[in-house]
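The structure appears below as structure tokens.
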Amino acid sequence: MANLEWTSALAVGIPLVDEQHKALIRHLNELAVAIAKRQGETEVQATLTFLVDYTHLHFTTEEQHMAATAYPGLAAQKVEHEHFRSLLCTFHEDLEEEGVTKALADSINTLLMRWLTKHICFMDREFGGFLQSRGIVIGAEE
Ligand SMILES: [Fe+2]
């Protein structure tokens, strides 16, 4: 079973966002564990619902900070975030239609974890670099 780990390679440099990324990775791993252990559909569903809600909170946080700092990459980020939301939606549909299957377990690794790692590495780190170049510091008060 794949286990995604937060490393400094994923550091964006914004404490609040880095903490949220760690939590997001933790929830994604929990979902993978729930599926690998072949927990019932209700348990997997609950873990997935938590992940969906947390993802929403996280994307909203990022987009608010991007808007507040007039970040030029905001539109592209919104498109990418929407893509991840639709991946989660498809995942949810597959769970409802097929139940807890091997294909579902595989798609966490091949789709969700891969997307998240790539997104943080490239797009979110770019936002971190933008803030740094402007000398903008976002506190961890939220
Ligand atoms: Fe993002």
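For the sequence shown, the numbering used here assigns the number 10 to the initial residue and increments by one for each residue that follows. Every residue, glycine too, gets a C-beta built ideally from N, C-alpha and C.
Could you tell me whether the region 140-147 touches the region 33-41, where touching means 3 or more Cβ pairs closer than 8 angstroms?
no
Cβ of Met122 within 7 angstroms of any heavy atom in ligand 1?
no
Reduced DSSP category for Tyr80 - H, G, I as helix; E, B as strand; rest coil
coil
Do three or more CB pairs link the region 61-68 to the region 38-46 at distances below 8 angstroms?
no
Sorry if obvious, but does the Cβ on Glu71 come closer than 7 angstroms to a heavy atom of ligand 1?
yes
Just tell me which of His90, Ala79, Leu57 has its CA closest to the CA of Gly108.
Leu57
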